[in-house]
Amino acid sequence: MIKESRTFSFYYEKFRTLLLMLLIILCIVQIGILWSSQSGSFPFLSSIFLDSKNSSQVSIDKMKEDFLRPHRVVLSKGYDGDHIIVPNGSDEYNILWDSAKEYLAEALKSKPSQIQSINEEMWGLIVAKNPYYFEFKTEIPIELVCWGLDIKKSSDSISGIDRMVIYPEDPENSYYDTLYLRDKSNIYTFTISNYDGDTLDTAQFNTLINKLSPVNNPNSRNYKIAVETGSKTLLPKDMIAPLSASSNEKYLDLNMTSFVGVRGHTSSLVDYEAIQLELFGEVRNDYYPDEDAYGSVVFKKSDSIYRIYKNSVIEYKYIGNQSGEKSRMIEAYQKAVSFISEVTDKSKYMSGVNIYLSSVGEQNNSYIFKFDYSIPQGDGMGDVPVLVKDFIIPNSGTPLNNAITIEATSKRVLLCRWVAFNPKANGDYRDYRWNFPEYVDTAYNSIAELKNSDLPIKDYGIYYVVTDKKLNGSTLSPSFVLFNKSGNYDIPLN
Amino acid sequence: MVFSGVNHMKSKLLIFYIIIAVTLSLFILPASAEVVHVIDITRPVADTEIAENEIFLLYGECIYDVTTISLEYFDDEAGEYKPLKATDGRSTFNVGKGKIFAKDIKLKKGENYIKITAHTNTKESKENPEIFEFTITYSGEKKSSLKDVFDWMTGKD
Chain A
1 MIKESRTFSF YYEKFRTLLL MLLIILCIVQ IGILWSSQSG SFPFLSSIFL DSKNSSQVSI
61 DKMKEDFLRP HRVVLSKGYD GDHIIVPNGS DEYNILWDSA KEYLAEALKS KPSQIQSINE
121 EMWGLIVAKN PYYFEFKTEI PIELVCWGLD IKKSSDSISG IDRMVIYPED PENSYYDTLY
181 LRDKSNIYTF TISNYDGDTL DTAQFNTLIN KLSPVNNPNS RNYKIAVETG SKTLLPKDMI
241 APLSASSNEK YLDLNMTSFV GVRGHTSSLV DYEAIQLELF GEVRNDYYPD EDAYGSVVFK
301 KSDSIYRIYK NSVIEYKYIG NQSGEKSRMI EAYQKAVSFI SEVTDKSKYM SGVNIYLSSV
361 GEQNNSYIFK FDYSIPQGDG MGDVPVLVKD FIIPNSGTPL NNAITIEATS KRVLLCRWVA
421 FNPKANGDYR DYRWNFPEYV DTAYNSIAEL KNSDLPIKDY GIYYVVTDKK LNGSTLSPSF
481 VLFNKSGNYD IPLN
Chain B
495 MVFSGVNHMK SKLLIFYIII AVTLSLFILP ASAEVVHVID ITRPVADTEI AENEIFLLYG
555 ECIYDVTTIS LEYFDDEAGE YKPLKATDGR STFNVGKGKI FAKDIKLKKG ENYIKITAHT
615 NTKESKENPE IFEFTITYSG EKKSSLKDVF DWMTGKD
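Chains as they are written, first to last, in my numbering: chain A, 1 to 494; chain B, 495 to 651.
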């Protein structure tokens, strides 16, 4: 009897232990599911419970280099010769950029043979005289360059890359490959002596320049470099523009659509669900929908909030606890890229555009990354940058001058504001014939703020200028934009 | 003795007056016909320049809001300056508030004597335009013989 009782007790205890273990496992599963759906996910659990963040981690590797690509690549036949802009995203652009990365990786393994303080005229001459020129939207910090391009080792002396010039088999450098880098204060000259590659050699240059020359390619842009206007010119010496002869160019008109539901009053569940579908690509029950005092649609949960402003600016804000520990730029940038990757995967309002890193800033324990859009023109015609203008965050009065602004730490994205629109080509390409002096003249004659100002001009460009008013259902054509120390001024291209 | 000293002083003063009057007239006369500076030509960079390309960029930045600019070349056969058409087909043009003057011209082989004449819309400037004269020598495209030798040695030719 006693033996039977002991046996029963043994199995009962065993059952209780198993039950307890099962409950503990279920508890961990429950916590895992809950945490993995939140931004403050515990690393161990999120590695077990795969969700969208893990899939975006995979896509980071694919897209980490995308935002660091040069926004302008130029082939040059020397001072006073042809300077041909290679269309962004074209086959030729990809060949050149892939090759340039190899030269860059090789150069950064060694120390620069020469470091000189920036002299604008000297830099202008380097750009004009050498065959390959790569210009970035901003100075890309060297640690981002190394991470983005999988470069293991880097030269300590250089802080970042703003512009790059390559002269393979440089006759003035004993036929070694020469690479010039520029950061915000210096010009660095590297002599590459151990690189066996010949992807940018003279034969390749001749092939590309023949293919892109105006004789063989009617869409080609053969510009001049401002240093060729003389050393005393007030123009930025490395500015590239149609300075004398007019340039024939084709651009698309765009139909612009702002984010769904931002213009009218939203109150029904159906409306909220429609907005969620546009924003997240799915209806998410973990976000509670609401409307704030300014009439903006809000989706809120315990640690984060999405706010959709009526001017089609979308804001993500982390409202959970923050640690005060110092962030690393590379980790913060990875969080920013991951966030953009998630948004572009789910929402059509940031897809269909090329994104370039425009600036990097540091504040307290976080980093601010700004990005801008470019609209691909298709058919190997390159892309046209977007200038975001006159957007203001309603309840703070903060102006928004870039398409995407992200504040991030090593742990998470704290704030992201982006202008959400969906551009669609409206009809076929339109032809434009323009040159720089005539458009500067028109701008100074027609824009009141410019009437009393003199040169110098800081920069210029052909942009799609997107304002709050031009977003909803209007057709957008390219504009000529002048930048000087006071701001930017645009006139339509015609 | 004192009287002759006074006379001597008077004659010295007279000579001084004459010198001043002559000197002033020398300065004042050209001032009335002074050329108004209306443009800074930055390319060509000097009075003489050697070009390797057939197409040459003339560039300048104007000082006033309205400037009229004419291009001429020296015709050896005619022995005089004649209008020079830029590659856009014009030899005279106006530059407005943008103040940028940039024109491509086509050079002939050898020496090209180019004259740029510029004036604003004032009477003085029109009557006394600013004139620049340049000699641009087109030598033909430079070829690197060293490069050819290198290519031959490395079997790339």
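For glycine and all other residues, C-beta sits at the position ideal for the given N, C-alpha and C.
query, result
"Nearest-angstrom Cα separation, counted from residue 86/A out to residue 613/B", "40 Å"
"Opposing strand residues paired with residue 604/B [DSSP bridges]", "632/B"
"Short-range partners of chain A found in the region 534-561 of chain B, where Cβ spacing is below 9 Å", "534, 535, 536, 537, 538, 539, 545, 546, 547, 549, 550, 551, 552, 553, 554, 555 and 559"
"Closest by C-alpha distance to residue 151/A, when choosing among 120/A, 110/A, 277/A and 81/A", "110/A"
"Unbroken stretches of the beta strand (DSSP E), 3 residues or longer, contained in the region 139-185 of chain A", "160-170 and 176-182"
"Close beta carbons around residue 542/B, own chain, < 6 Å, minus the five adjacent residues each side", "629"
"Assigned exposure category for residue 44/A - 16 Cβ within 10 Å defines buried", "Confidence in residue 44/A is poor, its pLDDT being 47 and thus under 50, which makes the residue's placement unreliable; the coordinate value appears in the next sentence. Classification of residue 44/A: exposed, given that the 10 Å Cβ count is below 16."
"As assigned by DSSP and simplified to three states, the class of residue 224/A", "strand"
"Simplified DSSP state of residue 433/A, which is helix, strand or coil", "strand"
"Residue 278/A, DSSP secondary structure in three states", "helix"
"Closer than 8 Å to chain B by CB, residue 420/A", "no"
"Given 8 Å, three or more beta-carbon pairs between the region 407-419 of chain A and the region 117-137 of chain A", "no"
"Counted within 10 angstroms of its Cβ, other Cβ atoms place residue 29/A as buried (16 or more) or exposed", "exposed"
"Residue 338/A, enclosing alpha helix (DSSP H) - first and last residue", "329-346"
"Any C-beta of chain A under 8 Å from that of residue 590/B", "yes"
"Among 123/A, 277/A and 418/A, the one whose alpha carbon lies nearest that of residue 185/A", "123/A"
"Reference residue 82/A, options 368/A, 471/A and 74/A, closest by Cα", "74/A"
"Chain-ordered residues of the region 227-251 of chain A with a beta carbon less than 9 Å from chain B", "228, 229, 230, 231, 232, 233, 234, 235, 243, 244, 245 and 246"
"Helix, strand or coil at residue 7/A [DSSP, three-state]", "helix"
"Residue(s) in a DSSP beta bridge with residue 360/A", "369/A"
"Under 8 Å by beta carbon: chain B residues contacting residue 451/A", "591"
"Residue of 460/A, 494/A and 478/A minimising C-alpha distance to residue 502/A", "Nothing can be reported for residue 502/A: it is not among the residues displayed for chain A, which extend from 1 to 494."
"Exposed unless 16 or more other CB atoms sit within 10 angstroms - verdict on residue 24/A", "exposed"
"Spatial distance of residue 646/B from residue 180/A (CA atoms)", "The predicted model places residue 646/B with a pLDDT of 47, which falls under 50 and marks its position as unreliable; any figure quoted below should be read in that light. Approximately 27 Å, taken between the alpha carbons."
"Beta carbon of residue 371/A nearer than 8 Å to that of residue 358/A", "yes"
"Three-state secondary structure (DSSP) of residue 461/A", "strand"
"Neighbour flag for residue 602/B against chain A, beta carbons, 8 Å", "no"
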